[in-house]
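Notes for the one structure printed next.
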Amino acid sequence: MKTALITGVNGFAGRHLAQLLMSQRFKVYGTTRLTPTFFSENSIDELIVSDMGNKEECVQVLTTVKPDVIFHLAAQSNVKEAWEQPSDTFFSNTVKTMYLFEAVKQVSRNIRIISIGSSEEYGYSKQMEFPITENSMLNPTNPYGVSKMSAGLMAKQFFEGFGMDIIHVRPFNHIGPGQKKGFVVPDFAHQIVNIEKGRQKPVISVGNLSSLRDFTDVRDIVNGYRLIAEMGIKGQTYNLCSGKPTSIEDLLLAMISLSPSEITIEVNPDKLRPVDIPIYYGSNDKVINQTSWERGIDLNRSLEDILEEIRKEEWLEKL
Numbered sequence: 001m002k003t004a005l006i007t008g009v010n011g012f013a014g015r016h017l018a019q020l021l022m023s024q025r026f027k028v029y030g031t032t033r034l035t036p037t038f039f040s041e042n043s044i045d046e047l048i049v050s051d052m053g054n055k056e057e058c059v060q061v062l063t064t065v066k067p068d069v070i071f072h073l074a075a076q077s078n079v080k081e082a083w084e085q086p087s088d089t090f091f092s093n094t095v096k097t098m099y100l101f102e103a104v105k106q107v108s109r110n111i112r113i114i115s116i117g118s119s120e121e122y123g124y125s126k127q128m129e130f131p132i133t134e135n136s137m138l139n140p141t142n143p144y145g146v147s148k149m150s151a152g153l154m155a156k157q158f159f160e161g162f163g164m165d166i167i168h169v170r171p172f173n174h175i176g177p178g179q180k181k182g183f184v185v186p187d188f189a190h191q192i193v194n195i196e197k198g199r200q201k202p203v204i205s206v207g208n209l210s211s212l213r214d215f216t217d218v219r220d221i222v223n224g225y226r227l228i229a230e231m232g233i234k235g236q237t238y239n240l241c242s243g244k245p246t247s248i249e250d251l252l253l254a255m256i257s258l259s260p261s262e263i264t265i266e267v268n269p270d271k272l273r274p275v276d277i278p279i280y281y282g283s284n285d286k287v288i289n290q291t292s293w294e295r296g297i298d299l300n301r302s303l304e305d306i307l308e309e310i311r312k313e314e315w316l317e318k319l
């Protein structure tokens, strides 16, 4: 039985990854800064409350767990917060990642590390060609993207300089049950459920809906992490994405079609951004060719599951 350590196990992707690995008979440990309330007794084998905010703390966790593979998901992943607190974001996403790399170097260089980056590392320019491949230029346009790019570059340095078994993954937008408000899909979903419950007028106020983005279900994303851990080549970088652009309008219309309520869409000029990237999507050729990863959950099922979870939460709150 392989032992996996998931940092940031109580996050959106971390919870889904833990569930997947447990079903695959991994021994699963997870770290979290605060004790979460959602973990049942059988969610993972052991939950470790640790910030992993310095090398010594990382060494202590690694010595206790003795993992075969580390999925490093812990991060500050909110772009808005990254603009408000860029130094804290860089510390969380880059410096702490370096502490982990240094600790693994000290404890055992045989531990495989799956370093989770972001499509934000690629940024955007008018000259950008699509789909974005792993060889596309890195040009992050916000502090979050800079922090993830820096962590990815350090992963490359630790692989090349010390021969460590590190793989860097750049996931694009992922959606699914458990995603918090503050992202486009859960924000739409909560409005739809509020309309169904009579708490909101049957109107959804929106900004620009013409933008095209790359959406993948989080359950497919974490399965990609697992397959990359098993079959990926050390020192390599992999995109995880659908490879297809979907407009925000099509996404919203699909969600509305899943509701019994009559809902209209209203464009609010105050929600229009002065600059909005028209299209953004990646290539998944490399991960498919090297790991046989494939998407198993289509967009409609993702949206159905998101709405059903929010409706269920509403029902449970009444008990």
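Taken in order, the sequence shown gives residues 1 to 319; the numbers are from the UniProt record's numbering. The C-beta atom is built at its ideal place from N, Cα and C for all residues, glycine as well.
In the assembly as shown, E121 is a buried residue. Its beta-carbon has 16 or more other beta-carbons within 10 Å. In this structure, the CA atom of I175 is about 12 Å from the CA atom of G182. In the DSSP assignment, K286 falls within the unbroken alpha helix (DSSP H) covering 285-291. With contacts defined as CB atoms closer than 7 Å, V28 and I44 qualify as a contacting pair. Here V49 is exposed: its Cβ has fewer than 16 other Cβ atoms, across all protein chains shown, within 10 Å. The continuous stretches of beta strand (DSSP E) do not include A189, which lies in the alpha helix (DSSP H) extending over residues 184-196. Taking C-beta separations shorter than 6 Å and ignoring five residues to either side along the sequence, the partners of L209 in its chain run I248, E249, following chain order.
Each residue's CA atom was taken as its position, placing T3 and L227 some 15 Å apart.
With contact defined as three or more Cβ pairs closer than 8 Å, the stretch 128-135 and the stretch 272-292 are in contact. Per DSSP, the unbroken beta strand (DSSP E) holding P171 starts and ends at 166-171. Cβ contact annotation for P67 (same chain, cutoff 8 Å, sequence separation greater than five): T3, A4, L5, Y29, I111, in chain order. Going by C-alpha positions, F91 is about 30 Å away from M231.
With contact defined as three or more Cβ pairs closer than 8 Å, the stretch 189-197 and the stretch 139-152 are not in contact.
Rounded to whole angstroms, the separation of the alpha carbons of V65 and Q24 is 18 Å.
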